[in-house]
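Counting in UniProt numbering, the sequence shown runs from 1 upward without gaps.
Virtual Cβ for every residue (Gly too), placed ideally from N, Cα, C.
Quantities reported herein were computed from a predicted structural model and do not represent experimental measurements.
Written out below as structure tokens is the structure these notes cover.
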Amino acid sequence: MAEMLAGRLHLTDRALRMETVPVPEPGHGQVRIRVEAAGVCLSDVHLIDGTLTPLYLPDDAVTLGHEVAGVVDAPGEGVDGWQPGQRVLLQAGEKDRRGTVFTRGVDYDGGWAEYAVASQETLVPIPDDLPFEQACIIPDAVSTPWAAVTDTGRTRPGEAVAVWGVGGLGAHAVQLLRLVGAAPVIALDPLPAARDRALTLGADLALDPGDVALRDTVLAVTGGRGLDVAFDFAGVTPVREQALTLLGRRGRLVLAGIANKPVTIASDSPFTYLQQAVLGHYGSEAEHVVQLVSLAAQGRLDLAASVSDVLPLAEAPEAVRRVQSKQGDPIRLILRP
1 MAEMLAGRLH
11 LTDRALRMET
21 VPVPEPGHGQ
31 VRIRVEAAGV
41 CLSDVHLIDG
51 TLTPLYLPDD
61 AVTLGHEVAG
71 VVDAPGEGVD
81 GWQPGQRVLL
91 QAGEKDRRGT
101 VFTRGVDYDG
111 GWAEYAVASQ
121 ETLVPIPDDL
131 PFEQACIIPD
141 AVSTPWAAVT
151 DTGRTRPGEA
161 VAVWGVGGLG
171 AHAVQLLRLV
181 GAAPVIALDP
191 LPAARDRALT
201 LGADLALDPG
211 DVALRDTVLA
221 VTGGRGLDVA
231 FDFAGVTPVR
241 EQALTLLGRR
251 GRLVLAGIAN
261 KPVTIASDSP
271 FTYLQQAVLG
281 HYGSEAEHVV
291 QLVSLAAQGR
301 LDLAASVSDV
311 LPLAEAPEAV
321 RRVQSKQGDP
331 IRLILRP
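The following block contains the structure:
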């Protein structure tokens, strides 16, 4: 039986182990993919440290990795339209008939491996000139903020927006907000390097959330009206409290970061009078990934700067350590089998 290397999380002791396991065989309607690149997300770190726990995993171990791109290796029985050699990325998960979402690398084996198996419906073709390292992060790292910007936040051209937390998701949110015509785009992050990065990615202004003159600055650059949409990608209670004070009439606060804390509105009177809203956001839909692949293929979206480093698959534990410690303040680290 052929074997391969895989990064397996064992839930009993929350240990990530690099193990030799059998190469998976595709079942009916499934396709085996030769993995070329897989992203390392903060969610992977949270699965390892116990902050997150799989809801539907039938076993006590899983191969991590929900951001995956590669080449079709072997179509299974009943597969139509997919041939060996095709370049693809994999959707980060799939729904069953009841609408339950099962996440790759969480509820079933993911792409921190030499090969991965995927339902044919979750494959998305990618163009030859889109590098695997960039393609793999489109599901989640790019599609989550894209869905937050376009669907949940319903951001319109000319609206004043702000992004708290210019990390793996927030950095892409800055790019995507500029793409849809939001203006001004304000980035907020306590790290100077993150603020500099936001300006490079297209933010009109990058501010320290601890600046005592922050409110005055935001009101000045928005013509006194405040923010139309505020995006919390930090998942920190003080961010929500600060963002609510900067919203204008009909302003929306989109919660994309998870704090596991209560959301408090200081006073319902101005909140109601100004017809403001707090909106929860999680993940993305399949169409968002397809849209982003199209934008990248047409040169509207450049993800080259998102690839902070590429490491061999065998160094997955080191990649996790670097993401957890924020060493080098990476947008995304990529594993290459």
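query = Are residue 104 and residue 46 close, meaning C-beta to C-beta below 8 Å?
reply = It is not a contact, given that the beta carbons lie outside the stated cut-off.
request  = Tell me, please, which residues DSSP counts as bridged to residue 37.
outcome  = 69
request  = Indicate the three-state DSSP secondary structure (helix, strand or coil) for residue 352 in the structure shown.
outcome  = In this structure the chain extends from 1 to 337, so residue 352 is not present and cannot be described.
ask   = Excluding sequence positions up to five away, which residues of its chain have a Cβ less than 7 Å from the Cβ of residue 76?
value = 26, 27, 28, 29, 30 and 31
ask   = Using the beta-carbon count (16 or more within 10 Å), is residue 181 buried or exposed?
value = exposed
key: Residues that DSSP places opposite residue 9 in a beta bridge   = Under DSSP, residue 9 shares a beta bridge with 16 and 62.
ask   = Distance, Cα to Cα, residue 328 vs residue 113?
value = Cα to Cα, the separation comes out at about 25 Å.
message = Looking at the secondary structure, which residues open and close the beta strand (DSSP E) in which residue 87 lies?
response = 87 to 90
query = I think residue 161 touches residue 155, with their Cβ atoms under 8 Å apart; what is that distance to the nearest whole Å?
reply = 6 Å
message = Whole angstroms are fine: how far does the CA of residue 107 sit from the CA of residue 292?
response = Taking the straight line from one Cα to the other gives about 25 Å.
request  = Could you check if residue 55 is buried or exposed, using at least 16 other CB atoms within 10 Å of its CB as the buried criterion?
outcome  = exposed
Element boundaries [alpha helix (DSSP H), containing residue 170] = 170 to 179
ask   = Taking C-alpha atoms, which residue in 62, 50 and 146 lies nearest to residue 288?
value = 146
inquiry  = If you follow the alpha helix (DSSP H) that residue 55 is in, where does it begin and where does it stop?
reply    = Element bounds for residue 55: n/a, residue is neither H nor E.
message = Please list the terminal residues of the continuous beta strand (DSSP E) segment that includes residue 219.
response = Here residue 219 belongs to no beta strand (DSSP E); instead the alpha helix (DSSP H) covers 214 to 221.
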